[in-house]
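K.L.:
Numbering (the numbering used here), first residue to last: 2 to 289.
(1) Do you know how far the Cα of residue 210 is from the Cα of residue 183?
(2) Would you give the residue range spanned by the alpha helix (DSSP H) that residue 198 belongs to?
(3) Could you tell me if residue 35 is buried or exposed, where buried requires 16 or more neighbouring beta carbons within 10 angstroms of its beta carbon?
(4) Spell out a yes or no on whether the segment 9-28 and the segment 137-154 are touching, meaning 3 or more CB-CB pairs, one atom from each, closer than 8 Å.
(5) Which of the three DSSP states, helix, strand or coil, is assigned to residue 86?
(6) May I have the straight-line CA-CA distance separating residue 237 from residue 196, to the nearest angstrom?
(7) Here's the rule I'm using: 16 or more other beta-carbon atoms within 10 Å means buried, otherwise exposed. How should residue 31 be labelled?
(8) Here's the rule I'm using: 16 or more other beta-carbon atoms within 10 Å means buried, otherwise exposed. How should residue 13 be labelled?
(9) Can the beta-carbon of residue 11 be found less than 8 Å from the beta-carbon of residue 181?
(10) Going by alpha carbons, who is nearest to residue 212 out of 190, 245, 252, 57?
(11) What do you reckon, are the CB atoms on residue 156 and residue 26 nearer than 8 Å?
(12) In chain order, what are the residue ranges of uninterrupted alpha helix (DSSP H) at least 4 long that sit wholly in the segment 141-218?
(13) How many angstroms separate the CA atom of residue 278 from the CA atom of residue 58?
(14) Considering residue 269, what are the terminal residues of the alpha helix (DSSP H) in which it resides?
(15) Please return the same chain residues whose Cβ sits closer than 7 Å to the Cβ of residue 256, not counting the five positions on each side in sequence.
(16) Determine, using beta-carbon pairs with one atom in the segment 46-55 and one in the segment 83-102, whether at least three such pairs fall under 8 Å.
(17) With a 10 Å radius around its C-beta and 16 neighbouring C-beta atoms as the bar for buried, classify residue 205 as buried or exposed.
(18) Using CA atoms only, rank isn't needed, just tell me which of 24, 61, 74, 132 is closest to residue 3.
(19) From this set, 159, 117, 173, 114, which residue's C-alpha is nearest residue 143's C-alpha?
(20) Using 8 Å as the threshold, is the C-beta distance between residue 258 and residue 266 below it?
(21) Would the beta-carbon of residue 140 fall within 8 Å of that of residue 194?
(22) In angstroms, rounded to a whole number, what distance separates the CA positions of residue 51 and residue 110?
(23) For residue 273 and residue 231, what's the separation of their Cα atoms in angstroms?
(24) Starting from residue 28 and walking both ways along the alpha helix (DSSP H), at which residues does that stretch end?
(25) I'd like to check one pair, residue 153 with residue 200: are the Cβ atoms closer than 8 Å?
(26) Assuming the contact rule is C-beta atoms closer than 8 Å, residue 235 and residue 284 should be a hit. Round their C-beta distance to whole Å, please.
Below is the structure:
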């Protein structure tokens with residue numbers, strides 16, 4: 002039950018940016034792996050808290066009903082009461098905050114700001130008077146916070162510096178994380194429109210979302226290559242572009258499927274993010 006609420010297919014969006022940021026930092030010099038592990042754990046906690054909050058808030062706002070086409074939501078299914086889900090959200094956020102104190106001690110005010118914003122957005126993604134997801138800002142939020150912010154924050158904690166590669170690589174990672182959300186919003190387009198959830202898919206339609214997905218995948222492949230060619234990052238960071246070799250199943254579904262038929266594309270796209278991270282890590286390891 003709680004494993005379902007955690008939504009394991011979304012966890013690569015938390016793990017991969019930290020791994021990539023850690024790889025870049027290790028390429029730059031020795032790192033404290035205790036800080037890396039704490040950063041990874043904190044990122045996972047924030048992602049899980051976001052998923053818990055989304056589960057209960059979407060139920061209370063009527064966005065998740067018995068007619069939903071996506072995977073089961075435990076609050077909507079009656080497996081967990083709203084009060085218990087809110088309690089679980091608070092517990093996970095508290096654990097993230099405790100870890101954040103240690104990271105703030107290491108990284109200072111920049112990490113304090115990143116941490117507080119991340120915790121606020123974990124709730125504000127679907128809750129509050131101006132929820133990010135309901136305003137069509139979800140992709141932008143994910144692109145930034147699961148991309149340059151997560152990669153850059155990890156790199157900064159481990160090196161106390163920043164480099165141009167942090168921005169370019171972070172943006173590539175953010176593109177693939179945002180692509181996962183594009184699939185989610187494309188699948189839920191009809192239901193979201195009925196409850197006033199004005200995602201980009203609702204605002205601009207299916208064709209826009211399919212083009213958006215292709216754009217994110219293309220940019221994610223292009224950035225590591227440009228980074229390697231320009232000398233901004235690891236010489237063999239371009240290995241990461243190889244994720245495109247595994248993109249056909251996801252891209253085909255996104256281009257042709259509707260509604261529940263898009264569910265497998267979520268897992269496929271999350272897998273692309275993992276492949277990107279592993280290939281980038283390999284490129285960093287073999288780079289001089």
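For every residue, glycine included, the Cβ atom is placed at its ideal position computed from N, Cα and C.
P.N.:
Quick answer:
(1) If I take the Cα positions, the gap works out to 6 Å.
(2) It is not in any alpha helix (DSSP H) - residue 198 carries neither H nor E in the DSSP assignment.
(3) Its Cβ having fewer than 16 others within 10 Å, residue 35 is exposed.
(4) yes
(5) helix
(6) Going by the C-alpha atoms only, they are around 47 Å apart.
(7) Exposed, since its Cβ has fewer than 16 Cβ neighbours within 10 Å.
(8) buried
(9) For residue 11 and residue 181, yes; Cβs fall inside 8 Å.
(10) Comparing Cα positions, the closest option is 252.
(11) yes
(12) 149-160, 165-188, 190-195, 201-205
(13) Answer to the nearest angstrom: the Cα atoms are 31 Å apart.
(14) 264-287
(15) 211
(16) yes
(17) exposed
(18) Ranking the options by Cα distance to residue 3, first place goes to 74.
(19) That would be 173, whose Cα lies nearest to the Cα of residue 143.
(20) yes
(21) no
(22) It is roughly 23 Å from the alpha-carbon of residue 51 to the alpha-carbon of residue 110.
(23) 25 Å
(24) 13-29
(25) no
(26) 6 Å
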